[in-house]
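Heads up: the structure comes next, in structure tokens.
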Amino acid sequence: MPSFMKIVVLILVSHLRQWPLRTVLTIGGVALGVSASVAVRTANVDVLSSFEQAVLTVAGPTTLEVTGSESGLDEQLMTRVRAVPGVTSVSPVILQTAVQMKGGQPGQAIQVLGLDLLAEFNTRGFRVSQPTTERQMIDMIHPRSVFVGDKLATDWNLSVGDEVHLLIGTGGCRCRVAGILHGESAQRSSWERLAVMDIAAAQVTFGMVGLVDRIDLVTAPHLSVDAVADKVRTVLPPHVTVERPTSRTSQVEQMISAFRLNLTVLSWVGLLVGMFLIYNTMAFAVAQRRREIGIYRAVGMTQGRVALLFLIEAGLYGIVGGLVGTVAGMVLAQQLIALLSRTISDLYVPVSAGGAASLWTGPWFTMGVEGVLIGSVVSMIGAIGPSVDAGRTTTVRALAPGDYEASQQLRVGRLALTGCALLGVAGLLSWPGPIQGIPVLGYMATLCLLAGLACLAPLCVTGGGGHRRSIGSTVGLSGVMRTIAVEHASRNPGRNGVTVSAFMVGLAIMIGVLVMVRSFRHTVEVWVADTVLADVVVAPSLWLRGTEIGAVGRSLPQSWTSLLSSIPEVAAVDTYRDVRMTVNGHRVAVVSRDLRLHARWSRYLVRRGDSSEQLNRAAEIGGLLVSEVLADRLGVQEGSILEIMTPSGVRPFPIVAVFYDYSTDGGKLLMDRALYQSLWHDELVTVFPVYLRERASLDRVRDRITEQLSIVTNGGLPPLVISNTELRKEILEIFDRTFLLTYVLEAIAVVIAMLGIVNTLITSVLERRREFATLRAIGGSAAQIQQLVLWEAIYLGAIGIALGLIGGGLLSLLLIKVINRQSFGWTIQMILPIGSLVQAVALAVLATVVAGYFPARWAARQPVVEGLRDE
Amino acid sequence: MVLHGVDLEVRQGEFCAFVGPSGCGKSTLLNLVAGLDHPTSGDIVIDGRSTNTLSSHDWTTMRREIIGIVFQAFHLVPGLTAEENIALPLMLRGERQRDIAVRVDELLQQVGMSHRRRHRPGELSGGEQQRVALARALAHRPRLLLADEPTGNVDSHQGAEIMSLIRGLAQAGGQTVLLVTHSAQAALAADYTWTMCDGRLVSRTTPSTQAVRPS
Chain U
1 MPSFMKIVVL ILVSHLRQWP LRTVLTIGGV ALGVSASVAV RTANVDVLSS
51 FEQAVLTVAG PTTLEVTGSE SGLDEQLMTR VRAVPGVTSV SPVILQTAVQ
101 MKGGQPGQAI QVLGLDLLAE FNTRGFRVSQ PTTERQMIDM IHPRSVFVGD
151 KLATDWNLSV GDEVHLLIGT GGCRCRVAGI LHGESAQRSS WERLAVMDIA
201 AAQVTFGMVG LVDRIDLVTA PHLSVDAVAD KVRTVLPPHV TVERPTSRTS
251 QVEQMISAFR LNLTVLSWVG LLVGMFLIYN TMAFAVAQRR REIGIYRAVG
301 MTQGRVALLF LIEAGLYGIV GGLVGTVAGM VLAQQLIALL SRTISDLYVP
351 VSAGGAASLW TGPWFTMGVE GVLIGSVVSM IGAIGPSVDA GRTTTVRALA
401 PGDYEASQQL RVGRLALTGC ALLGVAGLLS WPGPIQGIPV LGYMATLCLL
451 AGLACLAPLC VTGGGGHRRS IGSTVGLSGV MRTIAVEHAS RNPGRNGVTV
501 SAFMVGLAIM IGVLVMVRSF RHTVEVWVAD TVLADVVVAP SLWLRGTEIG
551 AVGRSLPQSW TSLLSSIPEV AAVDTYRDVR MTVNGHRVAV VSRDLRLHAR
601 WSRYLVRRGD SSEQLNRAAE IGGLLVSEVL ADRLGVQEGS ILEIMTPSGV
651 RPFPIVAVFY DYSTDGGKLL MDRALYQSLW HDELVTVFPV YLRERASLDR
701 VRDRITEQLS IVTNGGLPPL VISNTELRKE ILEIFDRTFL LTYVLEAIAV
751 VIAMLGIVNT LITSVLERRR EFATLRAIGG SAAQIQQLVL WEAIYLGAIG
801 IALGLIGGGL LSLLLIKVIN RQSFGWTIQM ILPIGSLVQA VALAVLATVV
851 AGYFPARWAA RQPVVEGLRD E
Chain V
1001 MVLHGVDLEV RQGEFCAFVG PSGCGKSTLL NLVAGLDHPT SGDIVIDGRS
1051 TNTLSSHDWT TMRREIIGIV FQAFHLVPGL TAEENIALPL MLRGERQRDI
1101 AVRVDELLQQ VGMSHRRRHR PGELSGGEQQ RVALARALAH RPRLLLADEP
1151 TGNVDSHQGA EIMSLIRGLA QAGGQTVLLV THSAQAALAA DYTWTMCDGR
1201 LVSRTTPSTQ AVRPS
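Here it is in structure tokens:
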């Protein structure tokens, strides 16, 4: 084997010298594919591990956490829990968000942790740098004292004794830095970016007197944690949950699993297209070296070793591509992490970006190994076919003069039949439902669809199977070049089919995702236009920053209702409350509002019946309206009874209607505010939708609202007074931001496909140097040669575009009707975004021409004599 | 290969052959005359016109208008049929379809390939391919035919036929022919033969000094 490896190295080096550009293109394609995969994986892992780390670091020795609704837990419950045998320590926790105010403008959001500092100073895994004074203890528990993490102190340029202005909820708070926190662990610690207050100070600051967000328990080490948890549950109200700290991470993981899975699958598209590129490169390499293979076989190299030679070459491309791709992926991940955490925070739970520094000090070796593995495995899979073909080379024929490849006829017809069969299978696989909530068969249908079209590509390249053209019938000079180009391209359905397939896959995915996203956006636009009807929405000052600002930051006092109603031009004020709860194991948004008022002024897009009637009926009988996503997940429909855990126990609710909703992935429940308040005793409001009288001046009302409410915000920022138009715009901006990631991944796949076309054309030009030289010798001009190569690119590109359009259309159907429906449960109205499709096709045409231009120019500039000598 | 002190004049309608050992510069000379290669010094005058100042585009026009080339390795475009290959130079000149069809028919008949007109190069024997290549070289009625080892890739019988065709067709068309060959037999078709060695013209033999001439 060592001597064989020596031969391999010798041969590879000679090939590398011979075709450096093609090698670079191939490695570049693999690297791009790997980079997308590594970036998404790194970003996914980083965002989730940041969340997990934050949970676990802050949890410290805690073995169980007691949590209630978003409005908090009564602190008296601690007394009951303390009495449970096996519970050795009970600590109150407040975990809220504050925003730094800088020059009157809101800045970075931070998490503020309220702890019983006197009891827990040395138990949570942090230490404090605080001046040793007589007032040390008093400073610690002072209502305005805050301890800030060392990274935060550095970023904000704070030291002990400085004042920091924080925006908390609707009000402001000027706190004093009492000390700097340091994480005790040598690893990255979440303490570095946290602020800590004493529990009593936090209760006052966040308006939670008598309440806590969580109660942390430490159980006796010799007892089973689950057994103690069961005992604790017996002394608590039924809606209160008792679970291990780690389960919060798993909940989040489960919540965002469909989102992450779809993103991951999309990131694999680049690898799939990269696989085509490798296949293409290796198939060309085999064809070009057929004589060389014949010589190897003649001098005693076995079939297996010939095949291995090509596999190793592909593997090496994969290794180098994997390494380059890992580095590129880590760089790309820097951008993705910020984008991903923003999207997850917008849609699910507040998560923080891991931070660039942490990424570069992260598991580099593991990522590198993974990247190299992905690259080499993908490359070697792509190279299996050509390698086997190389091994099976008939020595005599390879060494004989003439075109070996011409004697190897691809069974285009049989391949096309297989393609049709695969398309049929794709159709069948799209019918059944998801498997454990994952559209496994939908993904398989997508693969079958793309594979089916790829199998049809060679037939399309031949122009429908053996159709012979005559240049005698063509008119004009460009017609001659076009015919020669088409003739040449169609003579090689095998290799050109692969190029077309790679381009088709990239384009189909681009078009499929484009149609899906545009259809989705159109659906959301219609939904927003039909349901967001309030003239003005009064919201917390940082409401548009999504869940990032925490529960208190997303709440307003109910007392503002009368304040707003007192403005003469205001016709009605609704009180909209949006909290997250776990219903039958699903984290859902529970929305409460005045249903009768909403029935008068606005509507929900209900699946059956009239919106007003259903809303009034729900208010009357204490029923629920359920979003279609949740109805599907819970397996309920109109008329079903849904049992929900409330603070006073399990209570059955009749489901009056199911409505279309696109505001949350987890699903939404809607109930009358009076019913919600009677059961959950939550007086807070999330936003106030305000309806104006006819001919009221929007600007004047906005000014009045801002003026009146800024008086009551206690030095904080005045609340947002958002007009209907602004709100609709904001909703669509969040939507666009969510799909930005998709566009990035899609673009990578298209670029790889373009590399495929460039690669094919360059190789084709190299291979046909003699033909071009002959044409030049008999009077063909350089421009005509250029034209010839361009025509070939256009021919292949046109087939790729046609198949890409068909594939994209079918793929969009699969995405909308199967994968999206099964992953998220949303009904999307499919539209054909003609403008966007024309743009996509124009981009593809441009890509084809650009990909063809450089090889064409190169071909035209080749010396004629050398070309004629070329054998 | 570098040519040294090559100074010769070939008159309109003459058939001149160049013989000599491999690497003596025969093909280089032909490439220079065809404008496929360019001399570092000296001048080539074709049809009374110096070629020193010709651009690449001018040479392309020259090959399209007055030069026809036959290669040892045929160099037919593999994807095109025999008749399409012959039509190619005419199409490159932008001639009318009807005229092209007439000329292609005429040439196919002249080279005896009418029955194989729709066959592609891969389906033709070496001799047949060279006939098509000759027809292609003569398609646009060039005044100068350059033939580089036209019998090099065919057997002796077919070689004799090819040479006979070149001689006959060139004579009929009044073309000047420059033939490069290894074969003394092939050189017999020429009006006179230049022997080359190490890039120089060594001797010139005329038909009267040659023992045998082809029929």
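From first to last, the protein sequence lines stand for chains U and V. Under the numbering used here, the residues of the first sequence are numbered 1 to 871, in order. Under the numbering used here, the residues of the second sequence are numbered 1001 to 1215, in order. Using N, Cα and C, we set each Cβ at its ideal position, and we do this for glycine too.
Please list the partners that residue i has in chain U, where partner means a Cβ-to-Cβ separation under 8 Å.
i, result
"V:V1077", "I484, E771, T774, L775"
"V:A1034", "A777"
"V:T1060", "R776, G779, G780, S781, A782"
"V:N1031", "V865"
If I measure Cβ to Cβ from residue i and keep anything under 7 Å in the same chain, skipping five residues before and after, which residues do I get?
i, result
"V:L1036", "none"
"U:V388", "A307"
Assuming the contact rule is C-beta atoms closer than 8 Å, residue i and residue j should be a hit. Round their C-beta distance to whole Å, please.
i, j, result
"U:G382", "U:V306", "Contact flag wrong, Cβ pair sits at about 18 Å."
"V:A1135", "V:L1107", "4 Å"
"U:L12", "U:E313", "6 Å"
"V:V1019", "V:T1193", "6 Å"
"U:L223", "U:G86", "4 Å"
"U:R617", "U:V656", "5 Å"
"U:R174", "U:H165", "5 Å"
Please work out which residues of its chain come closer than 6 Å, Cβ to Cβ, to residue i, disregarding the five sequence neighbours upstream and downstream, and give them in chain order.
i, result
"U:A421", "none"
"U:A749", "V269, G270, V273, G506, I509"
"V:H1004", "G1199, R1200"
"U:S592", "R577, M671, R673, Y676"
"U:V590", "V579, M581, L669"
"U:T446", "L814"
"U:T418", "C455"
"V:D1047", "none"
Under 9 Å Cβ-Cβ, which residues of chain U neighbour residue i?
i, result
"V:D1037", "P863, V864, V865"
"V:F1071", "T774, A777, L868"
"V:S1056", "S781, A782"
"V:R1136", "I778"
"V:R1064", "I778, G779, G780, S781"
CB residue i to CB residue j, shorter than 8 Å?
i, j, result
"U:D150", "U:L113", "no"
"U:P237", "U:P647", "yes"
"U:A178", "U:Q111", "no"
"U:F659", "U:R704", "no"
"U:T62", "U:L217", "yes"
"U:S430", "U:A457", "no"
"U:V701", "U:V538", "no"
"U:L732", "U:L339", "no"
"U:I828", "U:T523", "yes"
"U:L373", "U:G322", "yes"
"U:E184", "U:R127", "yes"
"U:W543", "U:Y691", "no"
"V:V1070", "V:P1142", "no"
"V:A1133", "V:H1038", "no"
"U:S823", "U:N262", "yes"
In this structure, what does DSSP give as the bridge partners for residue i?
i, result
"V:W1194", "V:F1018, V:R1204"
"U:A657", "U:L625"
"U:S91", "U:D216"
Taking Cβ-Cβ distances shorter than 8 Å, what residues in chain V pair up with residue i?
i, result
"U:V480", "L1088, M1091, L1092"
Is there a Cβ of chain A sitting closer than 8 Å to that of residue i, yes or no?
i, result
"U:F688", "Among the protein chains of the structure shown, namely U and V, there is no chain A."
Could you pull out every residue in the same chain whose Cβ sits closer than 8 Å to the Cβ of residue i, ignoring the five residues on either side in sequence?
i, result
"U:A357", "Only weak support exists for where U:A357 lies, its pLDDT of 48 falling under 50; the value from the coordinates is given anyway. So the list is empty, once near-sequence residues are dropped."
"U:L832", "V515"
"V:R1064", "P1089, L1092, R1093, H1140"
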